[in-house]
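Chains as they are written, first to last, in the numbering used here: chain H, 888 to 1032; chain Y, 39 to 570.
Contents: one structure, followed by commentary.
Printed below as a string of structure tokens:
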């Protein structure tokens, strides 16, 4: 049943479809720097994830944005002094922040955290390791489908 | 070399689908499995009885908010609506020439479409079974026309396969079914299914496989009249001399499987995409505009809600007039229906109990991106006989859709790219101008006339929409179990509504049904209070 579900899900909604394309290594088009190179998903760095995913909301200079709600600026964000805070936000999400770390490897989460802590105003260090991320990952209550 | 830890595993992928695509997809899966037993209510119930001038403050003038305003006013309530945007409709939204749109980050796009051309950045299609929404279209005089969901002549592109040539949906579907039918017929004939299928059924099954798959007399899927009747012809049938059609060569099963094109075959199979689907004539916002004709006079625009409080007697909402920065303003009412998206509501101080507060913060929003492109010639119709429908590609474009209306006209606006999830975040991370450029660049791979005929475009990445910060509420199964009921319960004098308070995530029907359900429960409380 679970296998069937996957097949159903993968095709149905364009939603799932996009995910399949987004994460499976593909033989897709030659690399276009505008998009993440999915031929080698394992090689995607924290910097690439920031410039191709995070900056959609947090903006290219980490300046954040303000509408009916707010995307917090990462530049001058005192909360980034702690490495645990961005790791938890990436892994668990909260409010408008999606748990994007769940689509990334431990190494990639560490890479993103190191990137945002060492760029913009360099408030923190870039010393987070994949092992730290792994230790903070929420354990699923039941096996993933 | 990727180490096992670094590589994105299939397991990760499955988990990702469960987490970030859970909602829409889960609903479909559940509906498909019959897990949703009670058919939801699909139309407004009249709110009966005197309400003695009871007032309701509605936050948000999207469909959920305007449905509530419309029904509550009919029932005799005093209604006021606060809306952040300078227009009503929310995600029920259409861009036309002369419109401008400033996204988060400050980039402003000026729409240069010709008169009569439009693009729906948000919802764009209505399944026939979304009867509450369709009921309002009827009630408010919104004219509908068919939305072409499935076009057998639209394209399916798998870069790296089929010599880089986009295939027709028709040939992909016919060949996949044909090959599968042939395999199944073989297994059946060889007795592999004898335990599962009786002798009598076996004969019928074989006959049905031939019928379903377009197989020959001897159960083969091969070039000839039977497959030609499904996948089309190398040379079309004509009239007069030299009119005999020429059959076409089916694709190899291996290529169909390895290229993943089979993933697109469910576009007409999933419940929400089964025909008929419809669209309002002239743009999706015709629905929002019809509601504005009914309730527009009670909507206050440019009102940014900053605080929501309640006590035993009523609700007090503080808001800022975004055009006149200065002292915050206050609106009061006996009750409040809040339809603000959770991505934003989770950032607004709101005086509700811990369970509802936790629910408000528990739902991330799915990313989605669309690009609308105007072309000076309908080459997809003229050159390629594609009238409406959707093409699919594994290039960054995701989906590309042709207008379902205005066939045979001169110009047209294509949905040049439509993506979700991670892919949509990538588009959103680009500037809007770059999104338009990239949509043209990749569209060129599908349609040679693209760059020659392109005129102008508009791009909307929903996470940069100032009024939603995302496309729609993405419920995981776990979050639904823990929080959904708490989100939907009336908390004191406050109730929430919107697609996020429904099992129809992203769909306008979800917004409408959640609103109707919430106001019925509010009304019951009001009536109970007045009798006390």
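Virtual Cβ for every residue (Gly too), placed ideally from N, Cα, C.
Handout entry: Boundaries of the alpha helix (DSSP H) in which residue 147/Y is found, first to last residue
Key = Not the alpha helix (DSSP H): residue 147/Y falls in the beta strand (DSSP E), residues 146-148.
Exercise for the section: Kindly say whether residue 385/Y, judged by its beta-carbon, lies nearer than 9 Å to any beta-carbon of chain H. Expected result: yes
Practice task
Give the residues of chain Y in contact with residue 940/H, contact being defined as C-beta atoms less than 8 Å apart.
Solution key: 460, 463, 464 and 467
Problem - Contact test: residue 479/Y Cβ vs the ligand COA heavy atom, cutoff 8 Å - result: This structure lacks the ligand COA; in fact it carries no ligand of any kind.
Practice task
Just the chain H side, please: which residues come within less than 9 Å of residue 122/Y by C-beta, in chain order?
Solution key: 954 and 955
Practice task
Quick one: which unbroken alpha helix (DSSP H) runs of 4-plus residues sit fully inside the segment 119-194 of chain Y? Chain order, please.
Solution key: 169-178
Exercise for the section: Only counting runs of 3 or more residues, tell me where the beta strand (DSSP E) segments fall wholly within the segment 405-490 of chain Y, in order along the chain. Expected result: 406-413, 427-431, 437-440 and 450-458
Problem - Interfacial residues, the segment 367-383 of chain Y to chain H, with Cβ spacing under 9 Å - result: 378, 379, 380, 381, 382 and 383
Problem - Through-space distance from residue 470/Y to residue 502/Y, alpha-carbon basis - result: 10 Å
Practice task
Taking 8 Å as the threshold, find out whether the segment 429-436 of chain Y comes into contact with the segment 508-520 of chain Y through three or more Cβ pairs.
Solution key: no
Practice task
Taking C-beta pairs closer than 8 Å, name the residues in chain Y that residue 974/H reaches, listed in chain order.
Solution key: Here the premise fails: no neighbours, minimum Cβ distance about 17 Å.
Practice task
Determine the extent of the beta strand (DSSP E) in which residue 348/Y is found, giving its start and end residues.
Solution key: 341-348
Handout entry: Span separating the alpha-carbon of residue 914/H from that of residue 926/H
Key = Since pLDDT at residue 914/H reaches only 48, below the 50 mark, its modelled position is unreliable, and no value is offered.
Practice task
Could you tell me if residue 981/H is buried or exposed, where buried requires 16 or more neighbouring beta carbons within 10 angstroms of its beta carbon?
Solution key: exposed
Practice task
Give the straight-line distance between the Cα atoms of residue 922/H and residue 461/Y, rounded to the nearest whole angstrom.
Solution key: 8 Å
Problem - Residues that residue 923/H contacts on chain Y, provided the C-beta gap is smaller than 7 Å - result: 464
Exercise for the section: Sort out for me which residues DSSP pairs residue 368/Y with in a bridge. Expected result: 356/Y
Exercise for the section: Give the DSSP bridge partners of residue 1016/H, in chain order. Expected result: Paired residues: none, contrary to the question.
Practice task
Report yes or no: is there a C-beta of chain Y within less than 9 Å of the C-beta of residue 981/H?
Solution key: yes
Problem - Proximity of residue 359/Y and residue 367/Y at Cβ, strictly below 9 Å - result: yes
Practice task
Specify, as a first and last residue, the run of the beta strand (DSSP E) that residue 271/Y falls within.
Solution key: 271-273
Exercise for the section: Classify residue 327/Y as buried or exposed, calling it buried when 16 or more other Cβ atoms lie within 10 Å of its own Cβ. Expected result: buried
Handout entry: Enclosing alpha helix (DSSP H) for residue 936/H [first to last residue]
Key = 933-936
Handout entry: Helix, strand or coil at residue 390/Y [DSSP, three-state]
Key = coil
Problem - Integer Cβ distance of residue 247/Y from residue 264/Y, believed to fall under 8 Å - result: No, residue 247/Y and residue 264/Y are not in contact; Cβ-Cβ is about 12 Å, not under 8 Å.
Practice task
Would you kindly work out how many angstroms separate the C-alpha atoms of residue 386/Y and residue 933/H, rounded to a whole number?
Solution key: 31 Å
Handout entry: Buried versus exposed call for residue 995/H [16 or more other C-beta atoms within 10 Å across all chains shown]
Key = buried
Exercise for the section: Indicate whether the contact test is met: 3 or more Cβ pairs, each with one atom in the segment 948-964 of chain H and one in the segment 1015-1023 of chain H, closer than 8 Å. Expected result: no
Practice task
Use the C-beta contact count for residue 304/Y: other C-beta atoms within 10 angstroms, 16 or more gives buried, fewer gives exposed.
Solution key: buried
Problem - Nearest-angstrom beta carbon gap, residue 210/Y and residue 299/Y [assumed within contact, 8 Å] - result: 5 Å
Exercise for the section: Show which residues of chain Y have a CB atom less than 7 Å away from the CB atom of residue 943/H. Expected result: 463, 466, 467, 499, 501 and 502
Practice task
State whether the segment 365-381 of chain Y contacts the segment 535-554 of chain Y, with contact taken as three or more CB pairs (one from each stretch) at a distance under 8 Å.
Solution key: yes
Practice task
Just mark residue 372/Y as buried or exposed, buried being the case when its beta carbon has 16 or more other beta carbons within 10 Å.
Solution key: buried
Problem - Residue environment, residue 562/Y, which counts as buried when at least 16 other CB atoms sit within 10 Å - result: exposed
Practice task
State buried or exposed for residue 567/Y, treating a residue as buried only when at least 16 other CB atoms are found within 10 Å of its CB.
Solution key: exposed
Handout entry: Identified DSSP bridge partners for residue 207/Y
Key = The partner list for residue 207/Y (beta bridge, DSSP) is empty, contrary to what the question assumes.
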